[in-house]
Amino acid sequence: MSDIDTRLYMVVKNFIKEGIEKTSWAEHKRVPSENQLVETCGVSRMTARRALDELTEEGVLYRVQGRGTFVAPKKLHSPMLEIRNIADEVSKRGNTYSNELILLQKEHCPTHLLNRFELEEGEDIYHSIMVHKENDKPIQIEQRYVNPKAAPDYLKQNFNQMTPNVYLSEVAPLTQAEHQIEAKEADPFMRVTLKLQDNEPVLSIDRITWSKDLLVSYCQLFHPASRFKLTGSFTTEHQLTEL
90 MSDIDTRLYM VVKNFIKEGI EKTSWAEHKR VPSENQLVET CGVSRMTARR
140 ALDELTEEGV LYRVQGRGTF VAPKKLHSPM LEIRNIADEV SKRGNTYSNE
190 LILLQKEHCP THLLNRFELE EGEDIYHSIM VHKENDKPIQ IEQRYVNPKA
240 APDYLKQNFN QMTPNVYLSE VAPLTQAEHQ IEAKEADPFM RVTLKLQDNE
290 PVLSIDRITW SKDLLVSYCQ LFHPASRFKL TGSFTTEHQL TEL
């Protein structure tokens, strides 16, 4: 591609990006077609197509077969390697945080977690499920199993006023974390709770945290894949806080 072609192709990309930034085209709004871009920007159809293709690959746009190209919803950013409080993340974006507590109880430790928590069959563990929201929109389901030895008063907390991460960070400062990230098929509860689109997967983070040699919690976090992405970097001196 010549320098002239490259400049023209960038003109088209910038034209679309500026239109989105200035809210000329809101989320899920159809953007101009290839033919319309040819006429508006004075470029070839090939140049217009490449601009649309690249913006689609970058996640700025998405296509619907037979209908056109649309503005993709902005994805929420969350740091992958640094564990933070989700309430703080929402506030930093200038939005309002809230949550809904679904479950908070003592129960027998699930079989698959017995070895992790070094518990015997029939021993109890604390279990909580809550939905985190941004501007009243659900953005994360948190399912957490907590070691009673690490946080004996876990069940007594008001998690509508203080998230589990804040409480656990206070009573059992974290020194180590392990996590696994993958896309999963959403079950009916996730689909309804997170208001997912048809066939939309969830982004799942399984996280285990320790305070010194004591395992504190095993947490599963589920996010709408179309509205959430992880970013991160790390250094060798990296302080951990609980999510």
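Residue numbers are given in this note's numbering: position 41 of the sequence shown equals residue 130, and the series is strictly consecutive.
Every residue, glycine too, gets a C-beta built ideally from N, C-alpha and C.
- Spanning the alpha carbons of Ile214 and Trp299 requires a straight line of approximately 16 Å.
- Excluding the 5 residues flanking it on each side, Ser187 has same chain C-beta neighbours closer than 6 Å at Lys222, in chain order.
- Gln232 is bridged by DSSP to Ile218 and Gln309.
- Looking only at Ser315, Ile294 and Asp302, the smallest Cα-Cα distance to Gln309 is reached by Ile294.
- Distance from the CA of Asn254 to the CA of Tyr234, rounded to the nearest whole angstrom, comes to 12 Å.
- Scanning Arg205, Ile228 and Phe278 for the CA closest to the CA of Ile297 turns up Arg205.
- For Trp114, DSSP assigns no beta-bridge partner whatsoever.
- The alpha carbon of Ser306 has as its nearest neighbour, out of Asn224, Val100, Leu203 and Phe278, the alpha carbon of Leu203.
- Separation of His268 and Pro227 (C-alpha to C-alpha, rounded to the nearest whole angstrom) is 22 Å.
- In the three-state reduction of the DSSP assignment, Asn288 falls in the coil class.
- In this structure, Leu190 and Asn236 do not form a Cβ contact; the two beta carbons are roughly 20 Å apart against a cut-off of 8 Å.
- Beta-bridge analysis with DSSP links Glu267 to Ile297.
- With respect to Ser315, Glu274 sits apart: the two C-beta atoms are not nearer than 8 Å.
- Residue range Leu203 to Phe206 is occupied by the alpha helix (DSSP H) that includes Phe206.
- If you look at Arg280, you'll find it in the alpha helix (DSSP H) that goes Pro277 to Thr282.
- With contacts defined as CB atoms closer than 8 Å, Ala161 and Tyr98 fail to qualify as a contacting pair.
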